[in-house]
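Written below as structure tokens is the structure these notes are about.
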Amino acid sequence: MLVLFLLYLFLVGVKAIESGIQGFGEDFTDSLFEGVSNPLAGLLVGILATVLVQSSSVSTSTIVGLVGAGTLTVPLAVPMIMGANIGTTVTNTLASLGYLRRSAEFRRAFAGATMHDFFNLLTVAVLLPLELATRFLSKSAQALAGFLGRSANLEFENPDSPVKTAVKAPVKAFENFIEGLGAHNTVLGFLLLIVGLALILLALAYISRNMKLVVAGRIERSMNAVLAKGGGVTAIGIGLIMTVAVQSSSITTSVLVPMIAAGVLTLTNAYPITLGANVGTTVTALLASLATERPEGLVIALTHTLFNISGILLFYPVPQLRKIPLYLAGKLAAAAEVRKSLVFVYVIGVFVLVPLVGILILQ
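What follows is the structure, encoded as structure tokens:
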């Protein structure tokens, strides 16, 4: 019951962000995203925003809210979603730093953390240019959104939808209260943005915390059971289910790090669990799309899901391609074991300096 209430708060937060952005007016929103009209800038914004909030669920939900409000177009949002996928891997990379003083364990832990980094980086390197050239992800998502809309009767334009009515009510009440105090539209928009972000952060944090308490022990047992069977597609399914349960891919992948460090899981067996977590984390954006007024909110959420599934289909079935992220992670971990300063150069460079400097240059 608590988790259901927290999910409701999460949807109210998404709706508050949507209403807040609309309150600023078109001139403000046009200028806000002028600097990210470059796809590469959008990618870097997605990385940096996710690193700052330490949650791809928060950043992707916010992006869905902006797209649903009509502030951000789907083509501009796609690179941001991809950037969020890269940014979220910093959490398990940081988790591996706890083993810095134990060389052998650190090498295994750092390799286990960075294989996620390399998989996402390689997936973006291949799929972003293809998406920019053909729009195959967003077009497929649009077709799928249309099919879901017809078959599941998702009426985005219907103001009487029960979900939308329940979500709108507290936001409208807050708007009326602030307007009653004589606040300007800009002030109202700013307050709605703050409240929306606070609700999203609060709801996701407590959902993750409560669900982790419920399923934490089961995560390790399930992973060990999968290891005994050899992993593969079953391991991808376990990673997906666990991530949906705790609403955080960072929790699932961070649980893997100590298991890899201890030698309980090999890189090869942990790898598919990580890929499943990548798909599982997209459920949050799909939930967020329920609170949006426009079908584009669902389109960008489905694009996120299709992007992660496409990455798995691209790299995992072919053994030679599957091994590339593991090989690169192993090489980096071996170098980092010898020279520990390389770890900090890598983490700060990839997740902070490169995105920050890139955004400044591209703007």
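At position 327 of the sequence shown (counting the first as 1) the number is 326 in numbering that gives the first Met the number 0, and the numbers step up by one without a gap.
Ideal Cβ positions, reconstructed from N, Cα and C, are used throughout, including at glycine.
Since this is a predicted model, take the numbers as computed values, not measurements.
Taking the alpha-carbon of residue i as reference, which of the options has the nearest alpha-carbon?
| i | options | result |
| --- | --- | --- |
| residue 65 | 241, 360, 340, 296 | 296 |
| residue 115 | 252, 142, 300 | 252 |
| residue 236 | 242, 243, 275, 268 | 275 |
| residue 194 | 2, 0, 16, 5 | 16 |
| residue 142 | 300, 342, 339 | 300 |
| residue 318 | 267, 345, 303 | 267 |
| residue 337 | 69, 72, 49, 106 | 106 |
| residue 205 | 185, 239, 302, 244 | 244 |
| residue 201 | 3, 8, 0 | 8 |
| residue 108 | 335, 311, 349 | 335 |
| residue 198 | 330, 56, 339, 126 | 56 |
| residue 306 | 322, 282, 97 | 282 |
| residue 178 | 167, 191, 352 | 191 |
| residue 332 | 356, 60, 5, 101 | 101 |
| residue 83 | 352, 284, 255 | 284 |
| residue 38 | 128, 231, 271 | 128 |
| residue 113 | 303, 36, 269 | 269 |
| residue 110 | 183, 347, 342, 277 | 342 |
| residue 72 | 239, 49, 36, 81 | 36 |
| residue 51 | 355, 360, 232 | 355 |
| residue 99 | 60, 340, 189, 186 | 340 |
| residue 308 | 321, 279, 322 | 279 |
What are the start and end residues of the alpha helix (DSSP H) that includes residue i?
| i | result |
| --- | --- |
| residue 84 | 73-86 |
| residue 343 | 340-347 |
| residue 36 | Note, residue 36: premise wrong, no alpha helix (DSSP H); not H, not E. |
| residue 289 | No alpha helix (DSSP H) holds residue 289; DSSP gives it neither H nor E. |
| residue 64 | 55-67 |
| residue 359 | 353-361 |
| residue 92 | 89-94 |
So what's residue i in DSSP terms, helix, strand or just coil?
| i | result |
| --- | --- |
| residue 29 | Annotation note: pLDDT 48 at residue 29 (below 50); position unreliable, no value reported. |
| residue 130 | helix |
| residue 317 | coil |
| residue 294 | coil |
| residue 282 | helix |
| residue 107 | helix |
| residue 337 | helix |
| residue 183 | coil |
| residue 0 | coil |
| residue 231 | coil |
| residue 267 | helix |
| residue 70 | coil |
| residue 99 | coil |
| residue 238 | helix |
| residue 261 | coil |
| residue 151 | Caution applies to residue 151, whose pLDDT of 47 falls short of 50 and renders its modelled position unreliable; the model cannot decide the point. |
Flag this pair as touching only if the region 281-290 and the region 124-140 have three or more C-beta atom pairs under 8 Å; answer yes or no.
no
Measuring CB atoms only, is the region 293-307 touching the region 253-272, in the sense that at least three cross pairs come out at less than 8 Å?
no
Does the region 75-82 come close enough to the region 45-60 that 3 or more CB-CB pairs lie under 8 Å?
yes
Would you check if the region 85-98 and the region 117-130 touch, i.e. whether three or more CB-CB distances between them fall below 8 Å?
yes
For the region 0-15 and the region 57-71, state whether three or more C-beta atom pairs, one from each stretch, are separated by less than 8 Å.
yes
Does the region 91-104 come within contact of the region 314-330, defined as at least 3 CB pairs closer than 8 Å?
no
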